[in-house]
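**Q** Residue numbers (our numbering), protein chains in the order written: chain A, 1290 to 1432; chain B, 30 to 256. Just so you know, even glycine gets a beta-carbon here, dropped at the ideal spot from N, CA and C. I have a structure here, written as C-alpha cells, and I will follow up with some questions on it.
Encoded structure:
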C-alpha cells in the first residue's frame, strides 16, 4: 500500500456522493480523497499497516533460487506451530498440577532445546521470527 | 475476453460514457432485472497494480450514483457475452436480492491501530537456564499474551458496538495482527456517512492511545454475498 501524503489530522470533505477519483497516475491523491477520518498521520498509519502485512508470507516464492527458502519457511512454520501447541499443552498440565517436579524439569529441558534448535535453523535459512507465520485470512495468523 | 466490473439493476436509461481498463469503453448487458458492466479485454489477465485497481474502482463508483451496485472483485474475466448472459441468468435471483440489500448503502472501512508501547515479552532462554526456569518464563509470557488478548477483545468490542449502531451489516476482525486492534467494514446508509464519521471522531477522542483510520464511501465489496 502506498504511503499517504496527507497532513496531520486529515479530515475529508463530506462524501455524500462518490468521491472524485483523480487520474490513474495519481493514486496517492485518490487515497487521500477516501479518508473520512484519521487520528494521527495517515502516512504513518499506512506505513504501519504495510509493515504488518509484508511481515507475513503470503505464498511460497516459486522463483527457483528462492524456492528452498520458501519451503523451509513453510516447514519451519509448521514445526513451530507443533512446538508451541505441545508447549502450551504442557503449561496447561503444569497449571492443573498434574505434572511432577521431575517431569517439569524434563519437559522444560526438551522445549528449551527445541526452541534453540529452531533459532539455529532460522539463522541457517535466513529467516526472522515474524516470518514464521501464515496469514489465514479471516481466521487471523497461524502463530 | 470480457472484464467484469459490477452487477446493477437493469438500467432504465443509457449509462453515461465510462472508460475501463486499457482505455476500453465500458458496456452493459442486461438479463431479466439485472445487468452486467464490463469492457473488452485482450491479452493476459490484468495485474493488480495501483493504476488498474483505481481504474476498476472508478468505473464502479461512477455507477453508485443513485442505484444499487454489486461490485465485482478486481480481475474477473469471462470468455464472451454468451458466458456473461449465462452467469446473469444462473444467478439472477441472488443478484436481485443482493442489489436490494446494498441499495442506498455504502461500505466504510475502519482500522484501529493500538500502541506498541508495551510489546509482548519475547525473550530467549539464557544459556544457564534450567528446564523449570524455562517453563516458568514461558508461562509468564503466555499469561501476558492472554491478558493482552482479553484487553484487545474488550476494547475492540467497545469500538465495534459503537460503530455498528449505524450499520445494516458488518464484518470485523479483532487483532488480525499484533498492532491492529480492529479491522472492520460496515454497510451503512449513504446518508449516515457523516454521523458515522462523527462516531469515529468521538471514539478517537475517547481513546487517545488508539489511531483510527476511517475510509470510504466504497462500493459494498464485503457485502456482495448474502447471509
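Bridge partners for residue 36 (chain B) per DSSP, in chain order?
**A** The count along the second chain starts at 1 and reaches residue 36 (chain B) at position 7. Paired residue(s): B:65 and B:99.
**Q** Could you tell me the alpha carbon to alpha carbon distance between residue 75 (chain B) and residue 68 (chain B), rounded to whole angstroms?
**A** Taking the second chain and counting its residues from 1, the one referred to as residue 75 (chain B) is at position 46. Taking the second chain and counting its residues from 1, the one referred to as residue 68 (chain B) is at position 39. For residue 75 (chain B) and residue 68 (chain B), the distance between alpha carbons rounds to 12 Å.
**Q** Could you name the residues of the segment 1382-1403 of chain A whose beta carbon sits closer than 7 Å to any beta carbon of chain B, in the order they occur along the chain?
**A** 1383, 1393, 1394, 1395, 1396, 1397, 1398, 1400 and 1401
**Q** How about residue 1394 (chain A) and residue 160 (chain B): are their beta carbons less than 7 Å apart?
**A** Here residue 1394 (chain A) is taken as the residue at index 105 of the first chain, counted from 1. Here residue 160 (chain B) is taken as the residue at index 131 of the second chain, counted from 1. Inclusion of residue 1394 (chain A) and residue 160 (chain B) in the CB contact set at 7 Å is warranted, their separation being smaller than that value.
**Q** Does the beta-carbon distance from residue 1365 (chain A) to residue 1410 (chain A) come in below 7 Å?
**A** What you label residue 1365 (chain A) is simply residue 76 of the first chain in a count that begins at 1. What you label residue 1410 (chain A) is simply residue 121 of the first chain in a count that begins at 1. Yes, these two residues count as a Cβ contact at 7 Å.
**Q** Would residue 1337 (chain A) count as contacting chain B if we go by Cβ distances under 7 Å?
**A** For this step, residue 1337 (chain A) is matched to residue 48 along the first chain. Output row for residue 1337 (chain A): interface = yes.
**Q** Quick one, are the C-beta atoms of residue 216 (chain B) and residue 141 (chain B) less than 7 Å apart?
**A** On the second chain, residue 216 (chain B) is found 187 positions in, with the first residue counted as 1. On the second chain, residue 141 (chain B) is found 112 positions in, with the first residue counted as 1. Cβ distance not < 7 Å, so residue 216 (chain B) and residue 141 (chain B) don't count as in contact.
**Q** For the segment 184-194 of chain B and the segment 205-220 of chain B, state whether three or more C-beta atom pairs, one from each stretch, are separated by less than 8 Å.
**A** yes
**Q** In or out: residue 41 (chain B) buried (at least 16 other Cβ within 10 Å) or exposed?
**A** For the purposes of this step, residue 41 (chain B) is taken as residue 12 along the second chain, with counting starting at 1. Residue 41 (chain B) comes out exposed.
**Q** When the cut-off is 7 Å and only beta carbons count, does residue 1325 (chain A) lie next to chain B?
**A** Numbered from its first residue, the first chain carries residue 1325 (chain A) at position 36. Judged by the 7 Å Cβ criterion, residue 1325 (chain A) is in contact with chain B.
**Q** Output the boundary residues of the alpha helix (DSSP H) element that contains residue 205 (chain B).
**A** In the second chain, residue 205 (chain B) corresponds to position 176, counting from 1. Where residue 205 (chain B) is concerned, there is no enclosing alpha helix (DSSP H), although the beta strand (DSSP E) it sits in stretches over 198-206.
**Q** Among all the DSSP beta bridges, which residues are the ones paired with residue 56 (chain B)?
**A** Here residue 56 (chain B) is taken as the residue at index 27 of the second chain, counted from 1. B:67, per the DSSP bridge assignment.
**Q** Would you kindly report the start and end of the unbroken alpha helix (DSSP H) that includes residue 1329 (chain A)?
**A** As a working mapping, residue 1329 (chain A) is identified with position 40 in the first chain. From DSSP, residue 1329 (chain A) is part of no alpha helix (DSSP H); its letter is neither H nor E.
**Q** Look at the alpha carbon of residue 134 (chain B) and the alpha carbon of residue 173 (chain B), and state the distance between them as a whole number of angstroms.
**A** What you label residue 134 (chain B) is simply residue 105 of the second chain in a count that begins at 1. What you label residue 173 (chain B) is simply residue 144 of the second chain in a count that begins at 1. Going by the C-alpha atoms only, they are around 41 Å apart.
**Q** Should residue 233 (chain B) be flagged as near chain A, meaning a C-beta pair shorter than 7 Å?
**A** The count along the second chain starts at 1 and reaches residue 233 (chain B) at position 204. So yes, residue 233 (chain B) belongs to the interface.
**Q** For residue 205 (chain B), count the other beta carbons within 10 Å of its own beta carbon; 16 or more makes it buried, fewer makes it exposed. Which is it?
**A** Numbered from its first residue, the second chain carries residue 205 (chain B) at position 176. Classification for residue 205 (chain B): buried.
**Q** Mind checking the segment 161-187 of chain B against chain A and listing, in chain order, the residues whose C-beta falls within less than 9 Å of any C-beta there?
**A** 161, 162, 163, 164, 165, 167, 168 and 171
**Q** At 7 Å on the CB atoms, spell out the chain B contacts of residue 1376 (chain A), in chain order.
**A** Within the first chain, numbered from 1, the residue matching residue 1376 (chain A) stands at position 87. Under the 7 Å cutoff, chain B gives 167.
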